[in-house]
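Accompanying notes for the structure given below.
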Amino acid sequence: MANKYEASMNFDLEMVREFLDQIEDELELGLEVDDLFDFTENTDVEDERQRTFDVEFRGDDVSMTYVVFMDDIDAPDVAFFVSDEELADAINKQMEAFCQKHGL
7 MANKYEASMN FDLEMVREFL DQIEDELELG LEVDDLFDFT ENTDVEDERQ
57 RTFDVEFRGD DVSMTYVVFM DDIDAPDVAF FVSDEELADA INKQMEAFCQ
107 KHGL
């Protein structure tokens, strides 16, 4: 994979959309939240799928690969592989904030 910086976490499926909304609200990347949630929700158990697209981060285009592995029914592992280390760090910070907010 050409992208080399990772931010990843295991989610309950019902929390994925909220997290995607949170990173879009906080980082303003231009994510298509509904499409990414549908992509996640429609991944079969024990299947891994990915989608690569560009986002804008701090005025620059950054390549992002969104990877879903449906580890168990309604429990996807979600990973963001990005070409910008600062963006990976920012997503990881959003994951930490999300966990704190939900007591995870």
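Going by the working numbering, the first residue of the sequence shown is number 7, and it counts up by one from there. Positions of the beta carbon are idealized from the N, C-alpha and C atoms, including for glycine.
Pick from GLY36, GLU47, ASP80 and THR49: whose alpha carbon is nearest that of PHE59?
On the sequence shown, position 53 is the one that residue 59 refers to. It is GLY36 whose Cα lies nearest to the Cα of PHE59.
Would you tell me roughly how many angstroms separate the C-alpha atoms of PHE43 and LEU26, rounded to the nearest one?
The residue labelled residue 43 in the question sits at position 37 within the sequence shown. The residue labelled residue 26 in the question sits at position 20 within the sequence shown. About 8 Å.
Would you report the Cα separation of VAL74 and LEU19, rounded to the nearest angstrom?
What you label residue 74 is simply residue 68 of the sequence shown in a count that begins at 1. What you label residue 19 is simply residue 13 of the sequence shown in a count that begins at 1. Cα to Cα, VAL74 sits roughly 11 Å from LEU19.
Near ASP90, what residues of its chain come up, given a Cβ to Cβ distance below 8 Å and the 5 sequence neighbours on each side ignored?
Taking the sequence shown and counting its residues from 1, one reaches residue 90 at position 84. TYR11, PHE63, ASP66 and VAL68.
When the Cα atoms are used, what is the spatial distance from LEU33 to VAL84?
Position 27 of the sequence shown, counting from 1, holds the residue named residue 33. Position 78 of the sequence shown, counting from 1, holds the residue named residue 84. If you take the alpha carbons of LEU33 and VAL84, they lie about 18 Å apart.
Tell me whether GLU47 counts as near the ligand GDP, meaning its Cβ is closer than 6 Å to at least one heavy atom of that ligand.
What this structure holds is no ligand at all, so the ligand GDP is not there to describe.
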